[in-house]
Each structure stands twice: as C-alpha cells, then as structure tokens.
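S.K.: These protein sequence lines are chains A and B, in that order.
Position one of the first sequence corresponds to residue 1030 (the working numbering), numbered consecutively onward.
Position one of the second sequence corresponds to residue 4 (the working numbering), numbered consecutively onward.
For glycine and all other residues, C-beta sits at the position ideal for the given N, C-alpha and C.
Please read through the structure below; I'll follow up with questions.
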Amino acid sequence: EDKVVQSPLSLVVHEGDTVTLNCSYEVTNFRSLLWYKQEKKAPTFLFMLTSSGIEKKSGRLSSILDKKELSSILNITATQTGDSAIYLCAVGLPGGGNKLTFGTGTQLKVEL
Amino acid sequence: DARVTQTPRHKVTEMGQEVTMRCQPILGHNTVFWYRQTMMQGLELLAYFRNRAPLDDSGMPKDRFSAEMPDATLATLKIQPSEPRDSAVYFCASGFITDGFASTDTQYFGPGTRLTVL
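Structure (structure tokens):
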C-alpha cells in the first residue's frame, strides 16, 4: 500500500526561527512530490518536485527532493505568524489520472 | 482569477437524508478530484474524473456515495442515505493533468463543503 509519512506531526516555534519539515514516502511508482499549505480553508499549492537534488524556492520557503532516500524537506526561514498552518505533502502516482496520496500533515504554529 | 467553486459551503442535515455537493472546476482543467477531510483520517481521495470519465472511485463507499460529471463545468458528489460518520469537509480539486512527462500534477482546491450529519 502506498504510504506518505510526515514528521513532526506538530511543531511550535518563535517568529524568526527556521523550521524543516520532513516527508518520506513508500510508493510502488513515483512521479512527483507536492507540498501544500492549509490554513483554515482549502490546501493551497506550494511546490511540485520531480527531480532529485534541485531546490525549488519561493520567498522564505524552499524544498528539495531526495529520490534515493525517498524523502523531501520543506524549509521555512525567518518564520512569521502567517506561516502557521498545516503543511501537507503528497505524492503523485503515474498512470490513470495521476492521483495524489497525501500525508497526514505537519501542524506548524509560529508564536510571537 | 480562476478558482474552483463549491456549493454549498456548509450543510447540516439529518441522518438518512440525501446530500448533494456541487463543484465547478477551473475552466480548461481536464481532471476533477473529490476528497474528504477529517481530523482522524486526514485527506482521503474519494473519486476522480478525467475528461468527465470516472477513472477511480475506489475510495468511496459505493452503497451510499455516487459521483458524476454531467458536463465539463459541473461535478457532483451525492450521499444517499447520509450517516453521522459522513460528517467531514468535502473538497473538490481540479487540474490539467496528462500522463506525459511534462504534465503538472498540481491540483487546485475549492473552498470545501463542511457537512454535518446529525
């Protein structure tokens, strides 16, 4: 059975800290790995990764995929209270529509 | 800007009643997904369609759930009869996804329908 595991499950940090969120996967076939941010509403897309070792960046957020280790990390530098959210990792599987299998998420809280 | 829309946003109903949730995908997207999210199970894929054809509905309880796409601008998820354990947030997502290497797997989520079955 395909599985996506995220760690830690939850995290509390202070504004200005740097955080690293982890995602590991066990899937029969891999096509892509995606990160989403979910505040109180729907998930919003952050990154899609398909190639190992190539960092994707958007402002203070960055992510990289390691296909050898079957994992990815999401880094957030200089955290702000607006970064408080659940961060979801999903793996895209090839064939027949490319559905996503989601992890349970990491709940991040950034305090003043 | 283009968004996935869902109606209703909230629904409270009694056990045994029929519930219909609607989704309008982003124009031009060829793939539509239905998810359910609960605290216990997280995000679960219920069903998805490519070019309006159902590709996989193995995530749905078949005896009470049904999903259809009567046209390219409307996807529906129906529960009949509803049960308290169906209480959850139901998300629709759409994307332009192909099997080709250059395809993006990005899915854009609607705001969700929060369903409460009493």
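1) What is the residue span of the beta strand (DSSP E) that Leu1137 (chain A) lies within?
2) Using DSSP bridges, identify the partner residues of Val1120 (chain A).
3) Answer with yes or no whether the minimum CB distance from Thr41 (chain B) to chain A is below 7 Å.
4) What residue does the beta strand (DSSP E) around Ala5 (chain B) start on, and which one ends it?
5) Less than 7 Å between C-beta atoms, sequence neighbours within five positions excluded: which residues of the same chain meet that for Glu47 (chain B)?
6) Indicate whether Ile1102 (chain A) and Asp1112 (chain A) have their beta-carbon atoms separated by less than 7 Å.
7) Is there at least one Cβ from chain A nearer than 7 Å to Phe68 (chain B)'s Cβ?
8) Residues in its own chain within less than 8 Å of Ile1083 (chain A) by CB, not counting five upstream and five downstream?
9) Are Val1048 (chain A) and Val1042 (chain A) closer than 7 Å when you measure CB to CB?
10) Among residues of its own chain, excluding the 5 on either side of Thr1079 (chain A), which ones have a beta-carbon nearer than 6 Å to its beta-carbon?
11) Kindly indicate the opening and closing residues of the beta strand (DSSP E) around Gly98 (chain B).
M.R.: Taking the definition as stated:
1) Taking the first sequence and counting its residues from 1, the one referred to as residue 1137 (chain A) is at position 108. Counted as a single uninterrupted DSSP element, the beta strand (DSSP E) harbouring Leu1137 (chain A) occupies residues 1135-1140.
2) As a working mapping, residue 1120 (chain A) is identified with position 91 in the first sequence. Per DSSP, A:Leu1062, A:Thr1130.
3) Numbered from its first residue, the second sequence carries residue 41 (chain B) at position 38. Answer no: the Cβ-Cβ gap between Thr41 (chain B) and chain A never drops below 7 Å.
4) Taking the second sequence and counting its residues from 1, one reaches residue 5 (chain B) at position 2. No residue range can be given for Ala5 (chain B), since it is assigned to no beta strand (DSSP E) and is classified by DSSP as neither H nor E.
5) Within the second sequence, residue 47 (chain B) is the residue found at index 44, counting from 1. Only Tyr38, Arg39, Gly62 meet the Cβ criterion.
6) Position 73 of the first sequence holds residue 1102 (chain A). Position 83 of the first sequence holds residue 1112 (chain A). Note that the C-beta distance between Ile1102 (chain A) and Asp1112 (chain A) is not below 7 Å.
7) Position 65 of the second sequence, counting from 1, holds the residue named residue 68 (chain B). At a cut-off of 7 Å between beta carbons, Phe68 (chain B) makes no contact with chain A.
8) The residue you call residue 1083 (chain A) lines up with position 54 of the first sequence. Around Ile1083 (chain A): Ile1093, Leu1094.
9) Here residue 1048 (chain A) is taken as the residue at index 19 of the first sequence, counted from 1. Here residue 1042 (chain A) is taken as the residue at index 13 of the first sequence, counted from 1. Closer than 7 Å, so yes.
10) Counting from one through the first sequence, the residue named residue 1079 (chain A) turns up at place 50. If we look at Thr1079 (chain A) and ignore the five residues flanking it on each side, its Cβ neighbours are Ser1061.
11) For the purposes of this step, residue 98 (chain B) is taken as residue 95 along the second sequence, with counting starting at 1. From DSSP, the beta strand (DSSP E) with Gly98 (chain B) extends over 91-98.
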